[in-house]
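Have a look at the structure below before the remarks.
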Amino acid sequence: MPNHIPVVDMHCDVLSKIQMNSELQFLNGPGLDVTQKRLEEGNVILQTFAIYLSEKLGILRFEHIMKQIEIYNQLGLRLVQSREDVSYLRKQLNNLRGGQWGLLSLEGVDGLEGNLYYLELCYRLGVRFIGITWNYANWAADGILEVRNGGFTNKGRTLIQRCNEIGMLMDVSHLSETGFWELADASSRPFIASHSNARSICPHPRNLTNDQIRAVIALDGRIGMTFVPWFIKEKGPVNASDLLKHIERVCELGGEKHLMFGSDFDGIHEWIQGLEHSGTYPELVNLLLKHYPESVVRGFMYDNILSFMEENLNSKELCSD
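Using the working numbering, read the sequence shown as starting at 1303 and increasing by one per residue.
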């Protein structure tokens, strides 16, 4: 069955990979899960590129963030920055092919160096989502693998306020549970979990509890099902059917309109069998169509997250202020 349903993927780590190995070729080179050719094959009309700073860089600096933004700007994709951009995408769905649009997110604020002017500069340069932490503590908050499970620092609470003011949307994948609930109380805007599954199905700490899933839904946020094998199943080979259990759990909790996908391609070194790169998305679409009506699958694949961005991104006028 040909893939006739467009895809939005809310997380990949291409930029970090290229930063660490400048010989990698985005157009169609080996060594990348997400390439221009594979986005076209998968009908991925919008790919979110995370700015993740590897610990191998040493002390993380703002210049490292700027380097990844520079790398993105060389990929040749248009950049979604405003609700008008999203409305254009929606109107042109039948005419778009994969590999035309990108979106920038920041995975962990370490490289902002505690400087909120750098946050504003990232926004001006097109970054629209920000994950507070990676797995461990930084100047703003604790990550999910930080043993003490602390929440936000005073500076981190100021960061929340400033994100709300300028329209930078927040991402709770990797954030500690204490931080999650603090953000749910403190943020005036809904947030996303760009690449996290259901902990009640697979008990990895990076997955969300049922209460967290309910909270994201209640706030009208979005939850990105991810393709990290060990977030899907504790042992053994993982195939796409195993991901269905996580999707169904989110739906059981009321999240049919809040579910999306964040593959984590290029951030993983093991893959779901049959979902090894962005060009394989049609296989997932076809599997979902066997279990859900097409209207629901369209929601999962693009409509739920596009509606979120239409509602919560700033208008083009505000973006240019």
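All C-beta atoms in this analysis are idealised placements derived from N, C-alpha and C, irrespective of residue type, glycine included. Keep in mind the model is a prediction, meaning the values are calculated, not measured.
Residue pairing for methionine 1562: DSSP places it in a beta bridge opposite Gly1526.
According to DSSP, residue pairing for leucine 1471 in a beta bridge involves Phe1431.
Taken atom to atom, the span from the alpha-carbon of glycine 1481 to that of leucine 1620 is near 29 Å.
Counting along the chain, tryptophan 1436 sits inside no alpha helix (DSSP H), nor does DSSP assign it H or E at all.
Looking only at Phe1529, Ala1542, Arg1491 and His1548, the smallest Cα-Cα distance to leucine 1510 is reached by His1548. By the Cβ neighbour-count rule, tryptophan 1436 is buried, with 16 or more other Cβ atoms within 10 Å of its own.
Under a 10 Å Cβ-count criterion, methionine 1322 is classified as exposed, with fewer than 16 other Cβ atoms of the shown protein chains found around its own Cβ.
In the DSSP assignment, alanine 1443 is bridged to Phe1454. Residue nearest to arginine 1459 within the set Cys1504, Tyr1425, Ser1498 and Val1411 is Val1411 (criterion: CA-CA distance). Look at the stretch 1351-1385 and you find no whole run of beta strand (DSSP E) that is 3 residues long or longer.
Inter-residue distance for glutamate 1372 and leucine 1447 is about 30 Å (C-alpha atoms, whole angstroms). In this structure, valine 1316 sits away from glycine 1400, with a CB-CB distance that is not shorter than 9 Å. Contact annotation, leucine 1471 with phenylalanine 1431: C-beta distance approximately 5 Å; criterion of less than 8 Å satisfied. Under the three-state reduction of DSSP output, glutamate 1536 falls in the coil class, being neither helix nor strand.
A straight line joining the alpha-carbon of serine 1475 with that of asparagine 1541 spans about 23 Å.
The beta carbon of isoleucine 1503 sits closer than 6 Å to the beta carbons of Lys1547, His1548 and Arg1551 from its chain, once the five residues preceding and following it are set aside; these are given in chain order. DSSP, read as helix, strand or coil, puts tryptophan 1483 in helix. With a 10 Å radius around the Cβ and a threshold of 16 neighbouring Cβ atoms, serine 1597 comes out exposed. Rounded to the nearest angstrom, the Cβ distance from arginine 1363 to glutamate 1415 is 7 Å, consistent with a contact under 8 Å. Residues of the same chain with a CB within less than 6 Å of the CB of isoleucine 1570, apart from the 5 flanking positions on each side, are Val1530 in chain order. Counting other Cβ atoms within 10 Å of its Cβ, alanine 1495 reaches 16 or more and is therefore classed as buried. The DSSP-derived three-state label of serine 1318 is helix. With a cut-off of 8 Å on Cβ pairs, the stretch 1335-1343 is not in contact with the stretch 1556-1563, counting fewer than three such pairs. Of the residues Asn1499, Ile1519 and Lys1457, the one whose Cα lies closest to the Cα of alanine 1486 is Ile1519. Counting along the chain, the unbroken alpha helix (DSSP H) around serine 1609 starts and ends at 1606-1614. In this chain, aspartate 1544 is not harboured by any beta strand (DSSP E); it is covered by the alpha helix (DSSP H) spanning 1542-1554. In the DSSP assignment, serine 1597 falls within the alpha helix (DSSP H) that extends over 1596-1600. Here DSSP, grouped into helix, strand and coil, assigns glutamine 1575 to strand. DSSP, reduced to helix, strand and coil, places leucine 1408 within a strand of the structure shown. The three-state secondary structure of isoleucine 1347, taken from DSSP, is strand.
Judged by their CB atoms, glycine 1404 and leucine 1377 are nearer to each other than the 9 Å cut-off.
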